[in-house]
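>
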DNA sequence: CATGAATGAGCGTTCATTCAT
DNA sequence: GATGAATGAACGCTCATTCAT
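Protein chains in written order, with this note's numbering: chain A, 181 to 392; chain B, 181 to 392; chain C, 181 to 392; chain D, 181 to 392.
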């Protein structure tokens, strides 16, 4: 029968509806300031119904965070499918990171919340493992790109894995710094300028460097 | 009589006792999740007494944050007093940042979270301005070091201010990434290794790069 | 099914139960001295439940006040519907005021206190306007009665509006004075005696007076 | 020795200083909104010291209220010393009441607080008795004036004591009504106009009335 | 499945009063 | 007498979660 299927579909639709409301509210007001009441209201569902779909406010939040993480993973994954020479690929990855930061501003932002950590632990084990695997795959690919660059003589003989983390850390750090208004004011420059500057600086470093 | 002095001492001791409890709790659970009740209990003082020493939870938190910020500023300030060639000075700054991260782990950790900023705004205007000024002075010195390196022919003709932010962002980003247990597990390397790796990579990049 | 109806009824019953507790407490101790905790306890409901029915302590109080005010307005309104000659109508109004004072002793009492006004301002604007309108209509009718008395040659040519306020003020003042136990003891007479005495004195004054 | 006297004087001075601060604050913000802290601060005395002079916040408040009552009593007392014919004397009393309302606005206002009653009971028995006696004396004189008016044929043969209370109640009632902003707006006239209007209306009534 | 009324613990903050000094 | 640090109970209000229907 299609009955069960329909029910399953409806259940998922409802779940997504809740997440949609929650997303907007969490993004706009943060975890603490958002109440289950508001989420229920915006979803036009009863407060009790929320607990039919999500075990707790924390789990709901964590699920949303995970969603954002998935998007980032997928975008990076997609980038790796492109056929680009290593140096351009590196630039592409940086760009993807920055684009994600622009397109999903709130997800990026939310990763910087302390609450993120406390709450991320609430994710079902399988999701956590899944994220870890995806992350590792990306990291692996990242390293391979650099390795390929070395083999092709484009990059110096660096440690590909270290370089990958350093690169990722650098872009992350820039975006993080520019989250703070006081910092932005202090630096007097915009993120875009700086993120590409940092990416290029880094790629140059890899190109010219000798030894690991 | 020493009576008054003693009282003053005791008052300061009590204040420090409150800050100590608060520090531990804020570090462990963040601002929102820590209650004045808990702080009072841990200090073995009545909740009301807390308000004799700090006007509000926010002010208490802000006072603690500011303390940590001051230490970092002072350390960087001190580093700039050393007489080192630009490239070594850059390495020193990175090292200071990392040392601070090690010695005041929890402060670093707290600065990484968004909650920090929301509360930091509650600091008295003069403190905010003071912090901003200190930050700017550090940033200025930082840029000057790079500028000097360029003039001495050690560094390529980069934009000193952009390079300074990129450098600071990179170290920050590494430390931030390694805060996450999953990331640590994924990367399979330790922070120290990587932070120095990144610093050196960066300095090399500045040395070899042509154009700005 | 009657399920929904029953629920609605129960809801209203609960609301009334809260108001009943609140009324007693507010009457006995005033607004400030009454706590939501007490009201909840007396209603055998959790404190939180109170807020399901009333948005705030102020709104709860205001709702009760408004209820009492409405009764008074309605009674006066009803009196004006009677077909009585002006002098008897005046006496009727005084009597209504006094009867209300007897029947809704606590409401009268509460209106005498300043606290009332501070909280009355918290009423929704529409209610305030509504009350003001009702008050004005009553005042208008009141004046018209006196005006008619003048036209019929029963009353002297006084200013009807001033006379109306003076009359209302006089009855109010008597009731207010007799609220105080010390005053009652001092005067050695009862309210009823005096209120009618004052009313009659007043009507006589209007009858015999020449000029306005 | 004058030592003891001096001490006594100082004690009284201190007491008065506390009352002065308290008066201003109670008048400006009401009983509840005024804290002992503020009173102590304004008096430049420690909070503890306040309790050396007044047993509680309530007693302090009551003492101030009593002071205001005394002023009113004294003014009326003084009026009775004047050598005026009964009708003019009555007008004088009304005027004194109104003048007091103008000059000691806050005292008048404060008598209308619910808190007044709750707190008045806290006065030392002797003060309460004293007030009662003064009140009775005034009431007695008041009645005598009317009695004299009757004997002189100026007033009709009313019950002097009832008339006195009615008169006092009427002026009180007017002042009370005009305390309320909404009422003032509704009536569209000012107190002064109306208070004299009511006084005169009343005196006329006494003059022309026949019987008691 | 879904509702929404109800709970109950918790929040930051205030403040009259006490008491060791 | 005088201080002022400390108390402790209270305040109005919120909200994640539960559960009878």
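The C-beta atom is built at its ideal place from N, Cα and C for all residues, glycine as well.
#1: What does the alpha-carbon distance come out to for the pair residue 217 of chain C and residue 217 of chain A?
#2: Any contact between the region 220-228 of chain A and the region 193-210 of chain A? By contact I mean 3 or more CB pairs, one from each, below 8 Å.
#3: Using 8 Å as the limit for Cβ to Cβ distance, is residue 356 of chain B near chain A?
#4: List, in chain order, every chain B residue whose beta-carbon is nearer than 8 Å to that of residue 369 of chain A.
#5: Is it true that the CB of residue 352 of chain C sits closer than 8 Å to the CB of residue 353 of chain D?
#6: Alpha carbon to alpha carbon, how far is residue 269 of chain D from residue 236 of chain D?
#7: Looking at the C-beta of residue 316 of chain A, does it have a partner C-beta in chain B at a distance below 8 Å?
#8: Can the beta-carbon of residue 319 of chain A be found less than 8 Å from the beta-carbon of residue 350 of chain A?
#9: Does the region 335-350 of chain A come close enough to the region 364-381 of chain B that 3 or more CB-CB pairs lie under 8 Å?
#10: Could you tell me whether the Cβ atoms of residue 322 of chain B and residue 273 of chain B are closer together than 8 Å?
#11: Suppose you measure from the CA of residue 328 of chain D to the CA of residue 336 of chain D; what does that come to, to the nearest Å?
#12: Contact criterion: CB-CB distance below 8 Å. Does residue 216 of chain B meet it with respect to chain A?
#13: I think residue 311 of chain C touches residue 232 of chain C, with their Cβ atoms under 8 Å apart; what is that distance to the nearest whole Å?
#14: With the cut-off set at 8 Å, would you say residue 230 of chain A and residue 244 of chain A are in Cβ contact?
#15: Comparing the C-beta of residue 207 of chain B with each C-beta of chain A, is any distance below 8 Å?
#16: Can you name, in chain order, every residue of its own chain whose Cβ lies under 6 Å from the Cβ of residue 347 of chain B, other than the five neighbours on each side?
#17: Classify residue 267 of chain B as buried or exposed, calling it buried when 16 or more other Cβ atoms lie within 10 Å of its own Cβ.
#18: Please state whether DSSP places residue 284 of chain A in a helix, a strand or coil.
#19: Where do the ends of the alpha helix (DSSP H) carrying residue 315 of chain B lie?
#20: Does any residue of chain A bring its CB to less than 8 Å from the CB of residue 382 of chain B?
#21: How far does the alpha helix (DSSP H) with residue 217 of chain D in it reach, from first residue to last?
#22: Would you report the Cα separation of residue 254 of chain D and residue 202 of chain C, rounded to the nearest angstrom?
#23: Quick check on DSSP: helix, strand or coil for residue 205 of chain D?
#24: Roughly how far, in whole angstroms, is the beta-carbon of residue 256 of chain C from the beta-carbon of residue 276 of chain C, given that I think they are within contact range, below 8 Å?
#25: Below 8 Å on the Cβ atoms is my guess for residue 241 of chain B versus residue 325 of chain B; work out the distance and round it to an integer in Å.
#26: Just confirm the distance between the C-beta atoms of residue 375 of chain C and residue 278 of chain C, as a whole number of angstroms; I'd bet it's less than 8 Å.
#27: Taking only beta-carbon positions, decide if residue 243 of chain C is within less than 8 Å of chain D.
#28: With 8 Å set as the bound, which would you pick, yes or no: does the beta-carbon of residue 319 of chain C sit closer than that to a beta-carbon of chain D?
#29: How would you call residue 378 of chain D, buried or exposed, if buried means at least 16 neighbouring beta carbons within 10 angstroms?
#30: Give the single residue among A/316, A/281 and A/258 whose Cα lies nearest to the Cα of residue 355 of chain A.
#31: DSSP three-state call for residue 264 of chain C: helix, strand or coil?
#32: Taking the straight line between their C-alpha atoms, what separation do you get for residue 387 of chain C and residue 332 of chain C?
#33: Using the beta-carbon of each residue, which ones in chain B are nearer than 8 Å to residue 366 of chain A?
#34: Hey, is residue 377 of chain D's beta-carbon within less than 8 Å of any beta-carbon in chain C?
So, from the data block:
#1: Each residue's Cα considered, the two are about 23 Å apart.
#2: Counting Cβ pairs under 8 Å, three or more are found: they touch.
#3: With its beta carbon less than 8 Å from one in chain A, residue 356 of chain B belongs to the interface.
#4: Chain-ordered, the chain B residues with CB closer than 8 Å to the CB of residue 369 of chain A read 341, 342 and 345.
#5: In this structure, residue 352 of chain C lies closer than 8 Å to residue 353 of chain D by Cβ.
#6: For residue 269 of chain D and residue 236 of chain D, the distance between alpha carbons rounds to 41 Å.
#7: Yes, because at least one Cβ of chain B sits closer than 8 Å to the Cβ of residue 316 of chain A.
#8: No, the Cβ-Cβ distance between residue 319 of chain A and residue 350 of chain A is not below 8 Å.
#9: Enough Cβ pairs lie closer than 8 Å, so yes.
#10: In this structure, residue 273 of chain B lies closer than 8 Å to residue 322 of chain B by Cβ.
#11: Roughly 11 Å separates the two Cα atoms.
#12: It does not; no Cβ of chain A falls within 8 Å.
#13: Cβ atoms of residue 311 of chain C and residue 232 of chain C stay farther apart than 8 Å, at about 26 Å.
#14: Between residue 230 of chain A and residue 244 of chain A, the gap from beta carbon to beta carbon reaches 8 Å or more.
#15: No - not a single Cβ of chain A is within 8 Å of the one on residue 207 of chain B.
#16: So the qualifying residues of the chain are 382.
#17: The residue in question, residue 267 of chain B, is buried, as its Cβ has 16 or more Cβ neighbours within 10 Å.
#18: Three-state result, residue 284 of chain A: coil.
#19: Per DSSP, residue 315 of chain B belongs to the alpha helix (DSSP H) from 305-331.
#20: Chain A, which has a Cβ nearer than 8 Å to the Cβ of residue 382 of chain B, makes this yes.
#21: In the DSSP assignment, residue 217 of chain D falls within the unbroken alpha helix (DSSP H) covering 216-223.
#22: Taken atom to atom, the span from the alpha-carbon of residue 254 of chain D to that of residue 202 of chain C is near 41 Å.
#23: Residue 205 of chain D falls in the helix class under three-state DSSP.
#24: With a contact defined as Cβ atoms closer than 8 Å, residue 256 of chain C and residue 276 of chain C qualify at about 6 Å.
#25: The C-beta distance from residue 241 of chain B to residue 325 of chain B rounds to 33 Å, too long to meet the 8 Å contact threshold.
#26: Contact holds; Cβ gap of about 5 Å.
#27: No, residue 243 of chain C lies away from the interface with chain D (no Cβ there is under 8 Å from its Cβ).
#28: By this cut-off, residue 319 of chain C is an interface position.
#29: It is buried - the Cβ of residue 378 of chain D has at least 16 other Cβ atoms within 10 Å.
#30: Closest in C-alpha terms to residue 355 of chain A, from the list A/316, A/281 and A/258, comes A/281.
#31: Coil.
#32: Distance between the alpha carbons of residue 387 of chain C and residue 332 of chain C: 11 Å.
#33: Counting only Cβ-Cβ distances below 8 Å, residue 366 of chain A has contacts in chain B at 312, 315, 316 and 319, in chain order.
#34: Residue-level contact check: residue 377 of chain D touches chain C, since one or more beta carbons of chain C fall below 8 Å from its beta carbon.
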